[in-house]
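Asker: In the working numbering, the protein residues as written are 10 to 317.
Just passing along the structure, written as C-alpha coordinates.
The following block contains the structure:
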(Lines of atoms letter the chains of each structure in order from A and count residues from 1; the text may use other names and numbers.)
(Lines give C-alpha, C1' and ligand atoms only; values in the text may rest on other atoms or scores of the structure.)
Protein backbone atom coordinates (compact mmCIF):
# COMPACT_ATOMS: atom_id res chain seq x y z
CA UNK A 1 0.00 0.00 0.00
CA UNK A 2 1.24 3.38 -0.96
CA UNK A 3 1.80 5.99 1.74
CA UNK A 4 -0.56 8.40 -0.02
CA UNK A 5 -3.39 5.85 0.16
CA UNK A 6 -2.65 5.35 3.85
CA UNK A 7 -3.39 9.01 4.64
CA UNK A 8 -6.32 9.19 2.20
CA UNK A 9 -8.01 6.27 3.91
CA UNK A 10 -7.39 7.82 7.35
CA UNK A 11 -8.31 11.56 7.08
CA UNK A 12 -8.49 12.12 10.83
CA UNK A 13 -4.98 10.75 11.37
CA UNK A 14 -3.69 12.86 8.46
CA UNK A 15 -5.27 15.97 9.98
CA UNK A 16 -3.66 15.31 13.36
CA UNK A 17 -0.23 14.83 11.77
CA UNK A 18 -0.65 18.06 9.80
CA UNK A 19 -1.63 19.99 12.92
CA UNK A 20 1.39 18.63 14.81
CA UNK A 21 3.72 19.63 11.94
CA UNK A 22 2.27 23.15 11.92
CA UNK A 23 2.70 23.49 15.69
CA UNK A 24 6.31 22.27 15.53
CA UNK A 25 7.02 24.69 12.69
CA UNK A 26 5.55 27.62 14.65
CA UNK A 27 7.66 26.75 17.69
CA UNK A 28 10.80 26.40 15.58
CA UNK A 29 10.13 29.71 13.81
CA UNK A 30 10.40 31.73 17.02
CA UNK A 31 13.33 29.76 18.39
CA UNK A 32 15.64 29.18 15.42
CA UNK A 33 18.11 31.97 14.56
CA UNK A 34 16.95 33.87 11.49
CA UNK A 35 18.91 36.67 9.77
CA UNK A 36 17.80 38.93 6.96
CA UNK A 37 21.39 39.15 5.70
CA UNK A 38 23.20 36.02 6.95
CA UNK A 39 26.98 36.12 7.14
CA UNK A 40 28.62 34.37 4.23
CA UNK A 41 32.19 35.66 4.29
CA UNK A 42 34.32 35.28 7.43
CA UNK A 43 34.59 38.52 9.46
CA UNK A 44 37.87 40.44 9.42
CA UNK A 45 39.69 42.66 11.90
CA UNK A 46 42.21 45.01 10.25
CA UNK A 47 45.33 46.53 11.77
CA UNK A 48 46.61 49.59 9.89
CA UNK A 49 49.40 52.08 10.39
CA UNK A 50 52.13 54.13 8.76
CA UNK A 51 55.93 54.26 8.77
CA UNK A 52 56.74 57.37 6.67
CA UNK A 53 59.89 57.15 4.62
CA UNK A 54 60.32 53.39 4.97
CA UNK A 55 60.31 50.93 2.10
CA UNK A 56 57.85 48.06 1.86
CA UNK A 57 60.56 45.57 2.82
CA UNK A 58 61.58 47.60 5.87
CA UNK A 59 57.96 47.85 7.02
CA UNK A 60 57.48 44.10 6.61
CA UNK A 61 60.59 43.31 8.67
CA UNK A 62 60.39 45.91 11.45
CA UNK A 63 56.65 46.51 11.85
CA UNK A 64 54.48 43.81 10.31
CA UNK A 65 56.53 40.81 11.45
CA UNK A 66 56.49 41.66 15.21
CA UNK A 67 52.74 42.36 15.10
CA UNK A 68 51.94 39.14 13.22
CA UNK A 69 54.00 37.09 15.67
CA UNK A 70 51.88 38.31 18.58
CA UNK A 71 48.47 38.24 16.86
CA UNK A 72 48.97 34.79 15.35
CA UNK A 73 46.98 32.18 17.25
CA UNK A 74 44.38 34.49 18.73
CA UNK A 75 41.16 32.68 19.68
CA UNK A 76 38.93 31.57 16.74
CA UNK A 77 41.31 33.01 14.14
CA UNK A 78 41.32 31.28 10.76
CA UNK A 79 44.27 32.95 9.05
CA UNK A 80 46.21 36.20 8.88
CA UNK A 81 47.52 38.17 5.88
CA UNK A 82 49.35 41.45 5.43
CA UNK A 83 50.62 43.86 2.82
CA UNK A 84 53.06 46.77 2.86
CA UNK A 85 53.33 49.56 0.31
CA UNK A 86 56.12 51.84 -0.83
CA UNK A 87 54.35 54.93 0.55
CA UNK A 88 54.88 53.74 4.13
CA UNK A 89 51.48 52.14 4.82
CA UNK A 90 50.75 48.63 6.03
CA UNK A 91 47.59 46.59 6.57
CA UNK A 92 47.23 43.36 8.53
CA UNK A 93 43.98 41.43 8.02
CA UNK A 94 43.00 38.91 10.71
CA UNK A 95 40.20 36.61 9.51
CA UNK A 96 38.00 34.90 12.10
CA UNK A 97 35.51 32.06 12.04
CA UNK A 98 31.91 32.87 11.06
CA UNK A 99 29.77 33.63 14.09
CA UNK A 100 32.56 35.03 16.26
CA UNK A 101 31.79 38.03 18.45
CA UNK A 102 33.67 40.77 16.60
CA UNK A 103 33.77 43.08 19.62
CA UNK A 104 35.59 40.44 21.65
CA UNK A 105 37.81 39.58 18.68
CA UNK A 106 38.78 43.24 18.30
CA UNK A 107 39.69 43.47 21.98
CA UNK A 108 41.80 40.32 21.73
CA UNK A 109 43.68 41.67 18.71
CA UNK A 110 44.16 45.00 20.49
CA UNK A 111 45.62 43.22 23.52
CA UNK A 112 48.04 41.25 21.34
CA UNK A 113 49.02 44.48 19.55
CA UNK A 114 49.81 46.13 22.89
CA UNK A 115 52.37 43.39 23.56
CA UNK A 116 54.09 44.03 20.21
CA UNK A 117 53.98 47.85 20.41
CA UNK A 118 57.25 48.29 22.40
CA UNK A 119 59.11 46.46 19.61
CA UNK A 120 57.87 48.83 16.90
CA UNK A 121 59.86 51.83 15.64
CA UNK A 122 59.32 55.01 17.64
CA UNK A 123 57.84 56.85 14.67
CA UNK A 124 55.20 54.16 14.18
CA UNK A 125 54.27 54.35 17.86
CA UNK A 126 53.92 58.13 17.70
CA UNK A 127 51.60 58.01 14.68
CA UNK A 128 49.63 55.12 16.15
CA UNK A 129 48.39 51.73 14.95
CA UNK A 130 44.63 51.37 14.43
CA UNK A 131 42.59 48.21 15.05
CA UNK A 132 39.15 48.29 13.40
CA UNK A 133 36.28 46.05 12.32
CA UNK A 134 36.64 46.61 8.60
CA UNK A 135 36.78 44.53 5.46
CA UNK A 136 40.09 44.73 3.55
CA UNK A 137 38.16 45.01 0.26
CA UNK A 138 36.93 48.38 -1.02
CA UNK A 139 33.13 48.67 -1.16
CA UNK A 140 33.02 51.80 -3.31
CA UNK A 141 35.03 54.93 -4.14
CA UNK A 142 33.84 58.53 -3.95
CA UNK A 143 35.82 60.87 -6.21
CA UNK A 144 36.14 64.55 -5.35
CA UNK A 145 37.63 67.03 -7.82
CA UNK A 146 37.30 70.60 -9.09
CA UNK A 147 35.58 70.64 -12.53
CA UNK A 148 37.03 74.03 -13.50
CA UNK A 149 40.44 73.40 -11.84
CA UNK A 150 40.01 76.40 -9.52
CA UNK A 151 40.90 74.27 -6.48
CA UNK A 152 44.11 72.30 -6.08
CA UNK A 153 44.53 68.94 -4.36
CA UNK A 154 45.55 70.61 -1.09
CA UNK A 155 42.21 72.42 -0.90
CA UNK A 156 40.22 69.36 -2.02
CA UNK A 157 41.94 67.11 0.53
CA UNK A 158 41.35 69.58 3.33
CA UNK A 159 37.67 69.86 2.33
CA UNK A 160 37.31 66.07 2.21
CA UNK A 161 38.86 65.64 5.66
CA UNK A 162 36.69 68.34 7.26
CA UNK A 163 33.35 67.98 5.49
CA UNK A 164 33.08 64.46 4.03
CA UNK A 165 35.32 61.92 5.76
CA UNK A 166 33.73 62.17 9.21
CA UNK A 167 30.21 62.10 7.76
CA UNK A 168 30.91 58.91 5.81
CA UNK A 169 32.53 57.27 8.85
CA UNK A 170 29.30 57.68 10.83
CA UNK A 171 27.14 55.85 8.28
CA UNK A 172 25.78 52.45 9.27
CA UNK A 173 27.81 49.68 7.67
CA UNK A 174 30.97 51.72 7.02
CA UNK A 175 34.05 50.16 8.57
CA UNK A 176 36.74 52.67 7.65
CA UNK A 177 37.57 55.47 5.23
CA UNK A 178 40.83 55.93 3.31
CA UNK A 179 41.68 58.93 1.14
CA UNK A 180 43.87 58.09 -1.88
CA UNK A 181 45.90 60.83 -3.49
CA UNK A 182 45.55 62.92 -0.33
CA UNK A 183 47.52 66.13 0.09
CA UNK A 184 47.35 66.65 3.84
CA UNK A 185 48.81 69.93 5.07
CA UNK A 186 52.24 69.62 6.66
CA UNK A 187 55.22 71.78 7.48
CA UNK A 188 57.97 70.55 5.16
CA UNK A 189 61.61 71.22 6.03
CA UNK A 190 63.80 70.69 2.95
CA UNK A 191 67.37 70.19 4.15
CA UNK A 192 70.44 71.23 2.16
CA UNK A 193 72.95 68.36 2.52
CA UNK A 194 75.93 70.52 1.52
CA UNK A 195 75.19 73.08 4.23
CA UNK A 196 74.64 70.33 6.78
CA UNK A 197 78.03 68.83 5.98
CA UNK A 198 79.82 72.17 6.11
CA UNK A 199 78.37 72.90 9.56
CA UNK A 200 78.95 69.36 10.83
CA UNK A 201 75.24 68.70 11.35
CA UNK A 202 72.98 65.75 10.62
CA UNK A 203 69.29 65.34 9.92
CA UNK A 204 68.90 63.92 13.43
CA UNK A 205 70.19 67.19 14.90
CA UNK A 206 67.51 69.12 13.03
CA UNK A 207 64.82 66.63 14.05
CA UNK A 208 65.78 66.88 17.72
CA UNK A 209 65.71 70.68 17.56
CA UNK A 210 62.28 70.69 15.95
CA UNK A 211 60.87 68.24 18.48
CA UNK A 212 62.41 70.05 21.43
CA UNK A 213 61.28 73.57 20.50
CA UNK A 214 57.89 72.81 18.98
CA UNK A 215 56.01 71.65 22.07
CA UNK A 216 52.87 72.56 23.96
CA UNK A 217 53.58 73.11 27.66
CA UNK A 218 51.50 74.10 30.67
CA UNK A 219 52.94 77.41 31.91
CA UNK A 220 51.12 77.53 35.25
CA UNK A 221 49.26 80.36 36.96
CA UNK A 222 50.06 83.62 38.74
CA UNK A 223 48.83 84.28 42.29
CA UNK A 224 48.01 80.64 42.90
CA UNK A 225 47.91 79.64 46.62
CA UNK A 226 49.87 79.48 48.77
CA UNK A 227 51.20 83.05 48.41
CA UNK A 228 52.11 85.65 51.02
CA UNK A 229 49.79 88.37 49.74
CA UNK A 230 46.72 86.85 48.13
CA UNK A 231 45.35 89.04 45.33
CA UNK A 232 41.83 89.10 43.94
CA UNK A 233 42.50 87.20 40.72
CA UNK A 234 44.44 84.19 39.51
CA UNK A 235 45.85 84.58 36.02
CA UNK A 236 46.75 81.68 33.74
CA UNK A 237 50.05 82.19 31.95
CA UNK A 238 49.78 81.79 28.20
CA UNK A 239 52.88 81.03 26.18
CA UNK A 240 53.58 80.30 22.55
CA UNK A 241 52.93 76.59 22.10
CA UNK A 242 53.14 74.63 18.90
CA UNK A 243 54.37 76.64 15.95
CA UNK A 244 52.04 77.32 13.04
CA UNK A 245 53.98 79.56 10.65
CA UNK A 246 56.91 78.65 8.36
CA UNK A 247 58.89 81.64 9.65
CA UNK A 248 58.54 80.35 13.20
CA UNK A 249 59.98 77.00 12.20
CA UNK A 250 62.74 78.72 10.23
CA UNK A 251 63.83 80.60 13.38
CA UNK A 252 64.31 77.44 15.46
CA UNK A 253 67.86 77.23 16.80
CA UNK A 254 69.63 74.04 15.76
CA UNK A 255 73.09 74.66 17.15
CA UNK A 256 75.08 77.39 18.87
CA UNK A 257 78.84 77.70 18.48
CA UNK A 258 80.19 80.52 20.61
CA UNK A 259 78.36 83.68 19.57
CA UNK A 260 77.20 82.13 16.31
CA UNK A 261 73.68 80.72 16.13
CA UNK A 262 72.65 78.23 13.46
CA UNK A 263 68.95 78.31 12.71
CA UNK A 264 66.80 76.09 10.52
CA UNK A 265 66.64 78.76 7.81
CA UNK A 266 70.44 78.61 7.48
CA UNK A 267 70.42 74.97 6.42
CA UNK A 268 66.93 74.33 5.05
CA UNK A 269 63.90 75.73 3.28
CA UNK A 270 60.63 75.64 5.21
CA UNK A 271 57.20 75.75 3.59
CA UNK A 272 53.61 74.78 4.36
CA UNK A 273 52.64 72.26 1.71
CA UNK A 274 51.46 68.69 1.25
CA UNK A 275 52.78 65.95 3.49
CA UNK A 276 53.07 63.36 0.73
CA UNK A 277 53.40 63.57 -3.06
CA UNK A 278 53.86 59.85 -3.77
CA UNK A 279 50.29 59.09 -4.90
CA UNK A 280 47.84 60.83 -7.21
CA UNK A 281 44.16 60.39 -7.98
CA UNK A 282 42.45 61.26 -11.27
CA UNK A 283 38.91 61.03 -12.62
CA UNK A 284 38.56 61.65 -16.36
CA UNK A 285 42.05 63.23 -16.30
CA UNK A 286 40.94 65.63 -13.55
CA UNK A 287 43.20 65.66 -10.46
CA UNK A 288 41.45 65.20 -7.14
CA UNK A 289 41.12 62.74 -4.27
CA UNK A 290 39.52 59.30 -4.12
CA UNK A 291 37.69 58.47 -0.89
CA UNK A 292 37.63 54.68 -0.51
CA UNK A 293 34.81 53.25 1.63
CA UNK A 294 35.47 49.92 3.37
CA UNK A 295 32.54 47.84 4.56
CA UNK A 296 32.10 46.79 8.18
CA UNK A 297 31.76 43.01 8.67
CA UNK A 298 28.17 41.91 9.19
CA UNK A 299 26.63 44.80 7.23
CA UNK A 300 24.86 44.65 3.88
CA UNK A 301 26.82 46.04 0.94
CA UNK A 302 23.78 47.27 -1.00
CA UNK A 303 22.29 49.07 2.00
CA UNK A 304 25.63 50.67 2.87
CA UNK A 305 26.18 51.76 -0.73
CA UNK A 306 22.77 53.45 -0.82
CA UNK A 307 23.57 55.36 2.37
CA UNK A 308 26.84 56.57 0.90
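Heads up, the beta-carbon is just placed ideally off N, CA and C, and yes, glycines get one too.
How many Å lie between residue 295 and residue 168 at the Cα?
Answerer: Numbered from its first residue, the chain shown carries residue 295 at position 286. Numbered from its first residue, the chain shown carries residue 168 at position 159. Approximately 17 Å between the Cα atoms of the pair.
Asker: May I ask you to list the residues that DSSP assigns as paired with residue 142?
Answerer: The residue you call residue 142 lines up with position 133 of the chain shown. Beta-bridge pairing links residue 142 to 54.
Asker: For residue 99, write down the residues that DSSP places opposite it in a beta bridge.
Answerer: Taking the chain shown and counting its residues from 1, one reaches residue 99 at position 90. The partner list for residue 99 (beta bridge, DSSP) reads 58 and 93.
Asker: Looking at C-beta atoms only, is the number of pairs between the region 191 to 207 and the region 155 to 174 that lie closer than 8 Å three or more?
Answerer: yes
Asker: Just to confirm the assignment, what range does the beta strand (DSSP E) spanning residue 209 have?
Answerer: The residue you call residue 209 lines up with position 200 of the chain shown. Segment: none, residue 209 is in no beta strand (DSSP E) and carries neither H nor E.
Asker: Could you have a look at residue 128 and say whether DSSP puts it in helix, strand or coil?
Answerer: Residue mapping note: residue 128 aligns to position 119 of the chain shown, counting from 1. It is helical.
Asker: What does a CB cutoff of less than 6 Å around residue 69 pick up in its chain, not counting 5 residues either side in sequence?
Answerer: Sequence index remark: in the chain shown, residue 69 carries index 60 (1-based). Shown here for residue 69: same chain residues with a beta carbon closer than 6 Å to its own, the five before and five after excluded, namely 93 in chain order.
Asker: Check whether the Cβ atoms of residue 102 and residue 55 sit closer than 8 Å, and answer yes or no.
Answerer: If you number the chain shown from 1, residue 102 lands on position 93. If you number the chain shown from 1, residue 55 lands on position 46. Their beta carbons are under 8 Å apart, which means residue 102 touches residue 55 by this criterion.
Asker: Just the C-alpha distance for residue 37 and residue 114, rounded to the nearest angstrom, thanks.
Answerer: Along the chain shown, one-based indexing puts residue 37 at 28. Along the chain shown, one-based indexing puts residue 114 at 105. Computed Cα separation, rounded: 30 Å.
Asker: Please name the residue or residues paired with residue 264 in a DSSP beta bridge.
Answerer: The count along the chain shown starts at 1 and reaches residue 264 at position 255. Per DSSP, 271.
Asker: Return the residue from the list 88, 105 and 118 that minimises the CA-CA distance to residue 76.
Answerer: As a first step, residue 76 is located in the chain shown; it is residue number 67 there, counting from the start. Answer by Cα proximity: 118.
Asker: State yes or no: is the C-beta of residue 57 within less than 8 Å of the C-beta of residue 180?
Answerer: Reading the chain shown from its first residue, position 48 is the one you call residue 57. Reading the chain shown from its first residue, position 171 is the one you call residue 180. Cβ atoms of residue 57 and residue 180: not closer than 8 Å.
Asker: Just curious, the alpha helix (DSSP H) that residue 40 is in, first and last residue?
Answerer: Taking the chain shown and counting its residues from 1, one reaches residue 40 at position 31. Where residue 40 is concerned, the enclosing alpha helix (DSSP H) stretches over 20 to 40.
Asker: Cα-Cα, which of 64, 35 and 109 is closest to residue 83?
Answerer: One-based indexing of the chain shown puts residue 83 at position 74. When each option's Cα is compared against that of residue 83, the closest is 109.
Asker: Excluding the 5 residues preceding and the 5 following residue 188 in the sequence, name in chain order all residues of the same chain whose CB lies nearer than 8 Å to its CB.
Answerer: Locating residue 188 in the chain shown gives position 179, where the first residue counts as 1. Only 166, 169, 170, 174, 298, 299, 300 and 301 meet the Cβ criterion.
Asker: Could you tell me the alpha carbon to alpha carbon distance between residue 220 and residue 280, rounded to whole angstroms?
Answerer: Taking the first residue of the chain shown as position 1, residue 220 is located at position 211. Taking the first residue of the chain shown as position 1, residue 280 is located at position 271. Spanning the two alpha carbons is a distance of roughly 17 Å.
Asker: Are the beta-carbon atoms belonging to residue 80 and residue 121 less than 8 Å from one another?
Answerer: Looking up residue 80 in the chain shown gives position 71. Looking up residue 121 in the chain shown gives position 112. Against a cut-off of 8 Å, the Cβ pair of residue 121 and residue 80 comes out as a contact.
Asker: Give me the Cα-Cα distance between residue 31 and residue 11, rounded to the nearest whole angstrom.
Answerer: Start at 1 with the first residue of the chain shown, and residue 31 comes out as number 22. Start at 1 with the first residue of the chain shown, and residue 11 comes out as number 2. So the two alpha carbons sit approximately 24 Å from each other.
Asker: Pairing CB atoms from the region 254 to 272 with CB atoms from the region 207 to 221, are three or more of them under 8 Å?
Answerer: yes
Asker: With 16 as the cutoff for other CB atoms within 10 Å, does residue 64 come out buried or exposed?
Answerer: By one-based count along the chain shown, residue 64 stands at place 55. Exposed, by the Cβ-count rule.
Asker: Residue 230 and residue 246: beta carbons closer than 8 Å?
Answerer: As a working note, residue 230 is residue 221 in the chain shown. As a working note, residue 246 is residue 237 in the chain shown. Yes, Cβ-Cβ distance for residue 230 and residue 246 is below 8 Å.
Asker: With the cut-off set at 8 Å, would you say residue 182 and residue 142 are in Cβ contact?
Answerer: Numbered from 1 along the chain shown, position 173 holds the residue referred to as residue 182. Numbered from 1 along the chain shown, position 133 holds the residue referred to as residue 142. No; because the gap between Cβ atoms is not below 8 Å, this pair is not in contact.
Asker: Output the distance between the C-alpha atoms of residue 51 and residue 149, rounded to the nearest integer angstrom.
Answerer: Working through the chain shown from its first residue, we reach residue 51 at position 42. Working through the chain shown from its first residue, we reach residue 149 at position 140. One C-alpha to the other measures close to 20 Å.
Asker: Output yes or no for whether 8 Å exceeds the beta carbon distance between residue 226 and residue 250.
Answerer: As a working mapping, residue 226 is identified with position 217 in the chain shown. As a working mapping, residue 250 is identified with position 241 in the chain shown. Yes, they are a contact pair.
Asker: Alpha carbon to alpha carbon, how far is residue 276 from residue 317?
Answerer: Locating residue 276 in the chain shown gives position 267, counting from the first residue. Locating residue 317 in the chain shown gives position 308, counting from the first residue. Spanning the two alpha carbons is a distance of roughly 48 Å.
Asker: Could you spell out the range, first to last residue, of the beta strand (DSSP E) harbouring residue 187?
Answerer: Stepping through the chain shown from its first residue, residue 187 is reached at position 178. Run containing residue 187: 183 to 189, per the beta strand (DSSP E) assignment.
Asker: Is the beta carbon of residue 304 sitting closer than 8 Å to the one on residue 144?
Answerer: The residue labelled residue 304 in the question sits at position 295 within the chain shown. The residue labelled residue 144 in the question sits at position 135 within the chain shown. Contact: yes.
Asker: Helix, strand or coil, according to DSSP, for residue 82 in the structure here?
Answerer: Numbered from its first residue, the chain shown carries residue 82 at position 73. Residue 82 falls in the coil class under three-state DSSP.
Asker: Can you find the residues in the same chain that come closer than 6 Å, C-beta to C-beta, to residue 243, ignoring five residues on each side of it along the sequence?
Answerer: Here residue 243 corresponds to residue number 234 of the chain shown, with the count starting at 1. Result list for residue 243: 230, 232 and 233, in chain order.
Asker: Between residue 86 and residue 105, which are expected to be in contact by the criterion C-beta below 8 Å, what is the C-beta distance as a whole number of angstroms?
Answerer: The sequence position of residue 86 within the chain shown is 77, counting from 1. The sequence position of residue 105 within the chain shown is 96, counting from 1. Yes, they are in contact, since the Cβ atoms of residue 86 and residue 105 sit about 6 Å apart, within 8 Å.
Asker: By how many angstroms is the C-alpha of residue 138 removed from the C-alpha of residue 130?
Answerer: Residue numbering aside, residue 130 sits at position 121 when the chain shown is read from its first letter. Residue numbering aside, residue 138 sits at position 129 when the chain shown is read from its first letter. Spanning the alpha carbons of residue 130 and residue 138 requires a straight line of approximately 11 Å.
Asker: Expressed to the nearest angstrom, what Euclidean distance is found between the alpha-carbon atoms of residue 127 and residue 136?
Answerer: Here the question's residue 127 lines up with position 118 in the chain shown. Here the question's residue 136 lines up with position 127 in the chain shown. Looking at the two C-alpha atoms, the distance is approximately 14 Å.
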